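J.:
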Amino acid sequence: MSGVASPAAAGSVSDIANAVTNGERSAVSVVDAHLARIDDHEGAVHAFNLVTADAARATAAAIDERLAAGEDVGPLAGVPVAIKDNMCTRGVPTTCSSKILDGWRPPYDATVVERLASAGAIMVGKTNLDEFAMGSSTENSAFGPTHNPWQLDRVPGGSSGGSAAAVAAGFTPLSLGSDTGGSIRQPASLCGVVGVKPTYGAVSRYGLIAFGSSLDQIGPFTTTVADSALTMDVIGGHDPRDATSSTESFGSLVDVLDRGVDGLRVGLISEMTGGVIDGIAEDVLARVRAAAEALEAAGATVGEVSVPSSVYGLPAYYMVAPAEASSNLARFDGVRYGLRVDGPNTAAMHTASRTAGFGPEVKRRIMLGTYALSAGYRDAYYGSAQKVRTLITQDFDRAYADFDVLLAPSSPTTAFELGAKTADPLTMYLNDVCTIPSNLSGQPSMSVPFGVGDDGLPIGVQILAPLMGEPVMFQTAAVLENAQEDAS
Amino acid sequence: MSKLSRDDVAHVARLAMLELDDAEIDAFTEQLGSVLATADDMAALDLDSVVPAHHPLGLVNVMRPDVVQPSLDRDEVLAQAPAAEDGRFCVPPALGEQ
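Protein sequences, first through last, are from chains A and B.
Residue numbers for the first sequence follow my numbering, beginning at 1 and rising by one.
Residue numbers for the second sequence follow my numbering, beginning at 489 and rising by one.
(1) Does the distance from the C-beta atom of L492(B) to that of G521(B) stay below 8 Å?
(2) For a contact meaning CB atoms closer than 8 Å, what does T346(A) contact in chain B?
(3) Whose CA, out of A47(A), A69(A), V81(A) and R57(A), lies closest to the CA of S97(A)?
(4) Give the residues of chain A in contact with D495(B), contact being defined as C-beta atoms less than 9 Å apart.
(5) Among all the DSSP beta bridges, which residues are the ones paired with L464(A)?
(6) Please name the residues in the segment 524-539 of chain B whose beta-carbon is closer than 7 Å to at least one beta-carbon of chain A, in chain order.
(7) In chain B, what lies closer than 8 Å to I366(A) by C-beta?
(8) Check G383(A) in the structure and name its three-state DSSP category.
(9) Would N439(A) pass as a contact of D40(A) if the rule is Cβ separation under 8 Å?
(10) Could you pull out every residue in the same chain whose Cβ sits closer than 7 Å to the Cβ of V4(A), ignoring the five residues on either side in sequence?
(11) Under 8 Å, Cβ to Cβ, is there at least one residue of chain A near R552(B)?
(12) Would you please verify whether the beta carbon of A498(B) is less than 8 Å from any beta carbon of chain A?
(13) Assuming N18(A) is part of the alpha helix (DSSP H), what are its boundary residues?
(14) Of all Cβ atoms in chain B, is any one closer than 8 Å to the Cβ of Q386(A)?
(15) Would G182(A) and T370(A) qualify as a contact pair, given that the criterion is a beta-carbon distance under 8 Å?
(16) Measuring only between beta-carbons, confirm whether E564(B) sits less than 8 Å from chain A.
(17) Specify the secondary structure class of D54(A) as computed by DSSP and reduced to three states.
(18) Given a threshold of 16 other Cβ atoms within 10 Å of its Cβ, counted over all protein chains shown, does P344(A) qualify as buried or as exposed?
(19) For M551(B), count the other beta carbons within 10 Å of its own beta carbon; 16 or more makes it buried, fewer makes it exposed. Which is it?
(20) List the residues of chain A that D590(B) touches, going by C-beta distances under 9 Å, in chain order.
(21) Please list the segments of the beta strand (DSSP E) lying wholly inside the segment 275-303 of chain A, counting only runs of 3 or more residues, in order along the chain.
(22) Which one or two residues does DSSP pair with T89(A) in a beta bridge?
(23) Could you tell me which chain B residues have their CB closer than 7 Å to the CB of M319(A), listed as they occur along the chain?
(24) For a quick check, are the C-beta atoms of M505(B) and R354(A) less than 8 Å apart?
(25) Going by other Cβ atoms of all chains shown within 10 Å of its Cβ, with 16 needed for buried, is A531(B) buried or exposed?
(26) Cα separation between E271(A) and S189(A)?
(27) Who are the near neighbours of A511(B) in its chain, counting only those whose CB is closer than 7 Å to its CB and skipping five residues on each side?
(28) Around the C-beta of V555(B), are 16 or more other C-beta atoms found within 10 angstroms, so that it is buried, or is it exposed?
(29) Looking only at C-alpha atoms, which of V254(A), E470(A), I38(A) and D233(A) sits nearest to Y200(A)?
(30) Along chain B, which residues have their Cβ under 8 Å away from the Cβ of M349(A)?
(31) At a CB-CB cut-off below 7 Å, which residues of chain B make contact with P315(A)?
(32) Closest Cβ-Cβ distance between E573(B) and chain A: below 8 Å?
(33) Distance check for D342(A) and L583(B), CA to CA, integer angstroms please.
(34) Using 8 Å as the threshold, is the C-beta distance between G135(A) and S163(A) below it?
(35) In angstroms, rounded to a whole number, what distance separates the CA positions of D574(B) and A58(A)?
(36) Quick test of the definition: if touching needs 3 or more C-beta pairs under 8 Å, does the segment 357-375 of chain A touch the segment 94-109 of chain A?
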């Protein structure tokens, strides 16, 4: 089965913004061209829960008028953007791909949505996801799966599969996703695009519908490292409306892209590249090693480094994330928004609404989290997991004493077939084995496309960095991207 | 850890305000049991002296000045509710039955 992938079809974020700002193209013509491409291929891909065509055209026309009047529209002037459907958009349905938010139109915009709009970007739609971002394939959506644009019988990864697919299909040059255990980096790897999970707190989570509050981060998908840097410059920075938002700044990421890696110390995480963690495919490992060689050729020194407790990341995560989810999702009770199924009293109404509204994976995680927090088990499960989190952070800190950035796979395999892993939840959870440790430690990491596997499908290499280490992470990513272009 | 039973699953479902049929209870008993078995791997670690990490940045008590800020429009918020009346959310009786 062939595909419709064409990341280049959407153009680059910076090219579009420059062309629109200089008057070479109108924002309306840009939006029309992207909507036409969506019309042609969305039926096969199903990246979107909703395409906001009319609103996008109206916004584009307003931007063209402001430009004609000599106004500065911002660094993302006229850039079409797709937003994962777990971020609030004022007046525009926001579903989390769940029946429980049926009909809900948020009364406010997420901070990231507001910042993109202020920079001149134009939202063209809300993208599909695993229900409440719980999954690694976008098959847990109440509205049906998204298909991988490279090969339509394969999954795009998840949970931000719709956002990754939108960029890979050339629908938009930019989309936003959220990453709780790998939900940006794994789909970026499977769809052959750049995906960034920033440092926890570096991007405001205000208006992101919470899954695991101590793990969730918003980040971009783009076709180039430079476009992700430009987007981070727009959406990052302190937000008083998110109490967990960092007041520190790492400065502009666009400014660091040409620094190179001369003298940089790059560490290959041995547990993820040497057989300690099972199930990582040989073709994926080969690309990670090739990336290390490319960085070495560009002047970096490469060594192996052990992050021993990272092998406990998966069990720790599958206690912490469901525990936080069970608490966060208690708010969906049929009272203030979304679905209500009536019952004879309040408690019966809560139960009936939640039972009808949540899908099987969400129920599974709520159950798991409720159990992990319940009397008698809290210390053994949730308590131990929070301690493992400390160990992982300490191991990473030790690694960063000797290395500036670390390398690992983003996903254990290339894109797998739809339906291949839906029967056994634990098999699906293993997709996140290389990405979870960064969420537990709060540290940044990103996936950069670096060639293809034996099946011809994309493989991403994961670059990890210390807290607020985005500059060194992006300068490494830029070198890797160039090496990839030279090789192909 | 002791093995998860069907009764445990039924009890947790009540705590979580979810109604499960017999087939779902069977499936969850097995699936949750296998996830919990992987969690038991953590018992191999010596965690007694490790301080739990509740938050990646270690933030505590983030405060803002106690000043009234603009807030969401009440009517707009209530318009999204399944039922609202007189500026309030409406629910069935909390005690007894309708």
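For glycine and all other residues, C-beta sits at the position ideal for the given N, C-alpha and C.
Since the structure is predicted, the reported quantities are computational estimates derived from the model, not experimental observations.
T.: Working from what's here:
(1) Mapped onto the second sequence, residue 492(B) falls at position 4. Mapped onto the second sequence, residue 521(B) falls at position 33. Cβ distance < 8 Å, so L492(B) and G521(B) count as in contact.
(2) Within the first sequence, the letter at position 346 stands for residue 346(A). Residues of chain B passing the Cβ test: V579, P580, P581 and A582.
(3) By 1-based counting over the first sequence, the position of residue 97(A) is 97. Among A47(A), A69(A), V81(A) and R57(A), the Cα nearest to that of S97(A) is on A47(A).
(4) Against the second sequence, residue 495(B) aligns to sequence position 7. Neighbours of D495(B) on chain A: none; closest Cβ ~12 Å, over 9 Å.
(5) Residue numbering aside, residue 464(A) sits at position 464 when the first sequence is read from its first letter. Bridge partners of L464(A): L406(A) and S445(A).
(6) T526, A527, D529, M530, L533, L535, V538 and V539
(7) As a working mapping, residue 366(A) is identified with position 366 in the first sequence. Result: A504 and L506.
(8) Taking the first sequence and counting its residues from 1, the one referred to as residue 383(A) is at position 383. Looking at G383(A) - three-state DSSP - the assignment turns out to be helix.
(9) The residue given as residue 439(A) occupies position 439 in the first sequence. The residue given as residue 40(A) occupies position 40 in the first sequence. No, the Cβ-Cβ distance between N439(A) and D40(A) is not below 8 Å.
(10) Here residue 4(A) refers to the residue found at position 4 of the first sequence. Result list for V4(A): H41, A44, V45, P149 and A169, in chain order.
(11) Translated into positions along the second sequence, residue 552(B) becomes position 64. Interface residue, yes.
(12) The count along the second sequence starts at 1 and reaches residue 498(B) at position 10. By this cut-off, A498(B) is not an interface position.
(13) By 1-based counting over the first sequence, the position of residue 18(A) is 18. Start and end: V13 to T21.
(14) By one-based count along the first sequence, residue 386(A) stands at place 386. Yes, its Cβ sits closer than 8 Å to a Cβ of chain B.
(15) Walking along the first sequence from the start, residue 182(A) turns up at place 182. Walking along the first sequence from the start, residue 370(A) turns up at place 370. Going by C-beta atoms, G182(A) is not nearer than 8 Å to T370(A).
(16) Taking the second sequence and counting its residues from 1, the one referred to as residue 564(B) is at position 76. So, interface residue.
(17) Taking the first sequence and counting its residues from 1, the one referred to as residue 54(A) is at position 54. Helix, per DSSP.
(18) Along the first sequence, read from residue 1 onward, the residue named residue 344(A) stands at position 344. Exposed, since its Cβ has fewer than 16 Cβ neighbours within 10 Å.
(19) Taking the first residue of the second sequence as 1, we reach residue 551(B) at position 63. Answer is exposed; the Cβ neighbour count stays below 16.
(20) Given a span of 489 to 586 for chain B in the structure shown, any question on residue 590(B) remains unanswerable.
(21) none
(22) Position 89 of the first sequence, counting from 1, holds the residue named residue 89(A). V92(A), per the DSSP bridge assignment.
(23) By one-based count along the first sequence, residue 319(A) stands at place 319. The contacting residues are A527.
(24) Translated into the one-based positions of the second sequence, residue 505(B) becomes position 17. Translated into the one-based positions of the first sequence, residue 354(A) becomes position 354. Their beta carbons are under 8 Å apart, which means M505(B) touches R354(A) by this criterion.
(25) Looking up residue 531(B) in the second sequence gives position 43. It is exposed - the Cβ of A531(B) has fewer than 16 other Cβ atoms within 10 Å.
(26) Position 271 of the first sequence, counting from 1, holds the residue named residue 271(A). Position 189 of the first sequence, counting from 1, holds the residue named residue 189(A). Using only the alpha carbons, I get a separation of about 19 Å.
(27) Residue numbering aside, residue 511(B) sits at position 23 when the second sequence is read from its first letter. So the list is empty, once near-sequence residues are dropped.
(28) Translated into positions along the second sequence, residue 555(B) becomes position 67. Exposed: under 16 other Cβ atoms inside 10 Å.
(29) Taking the first sequence and counting its residues from 1, the one referred to as residue 200(A) is at position 200. With distances taken between Cα atoms, Y200(A) lies closest to E470(A).
(30) Along the first sequence, one-based indexing puts residue 349(A) at 349. Neighbours of M349(A) on chain B, chain order: V579 and P580.
(31) One-based indexing of the first sequence puts residue 315(A) at position 315. Ordered by position in chain B, the residues that pass the 7 Å Cβ test against P315(A) are T526, A527, D529 and M530.
(32) Looking up residue 573(B) in the second sequence gives position 85. Judged by the 8 Å Cβ criterion, E573(B) is not in contact with chain A.
(33) Within the second sequence, residue 583(B) is the residue found at index 95, counting from 1. Within the first sequence, residue 342(A) is the residue found at index 342, counting from 1. Near 15 Å, if we compare the C-alpha coordinates of D342(A) and L583(B).
(34) Here the question's residue 135(A) lines up with position 135 in the first sequence. Here the question's residue 163(A) lines up with position 163 in the first sequence. Going by C-beta atoms, G135(A) is not nearer than 8 Å to S163(A).
(35) In the second sequence, counting from the first residue as 1, residue 574(B) sits at position 86. In the first sequence, counting from the first residue as 1, residue 58(A) sits at position 58. So the alpha carbons of these two residues sit roughly 36 Å apart.
(36) yes
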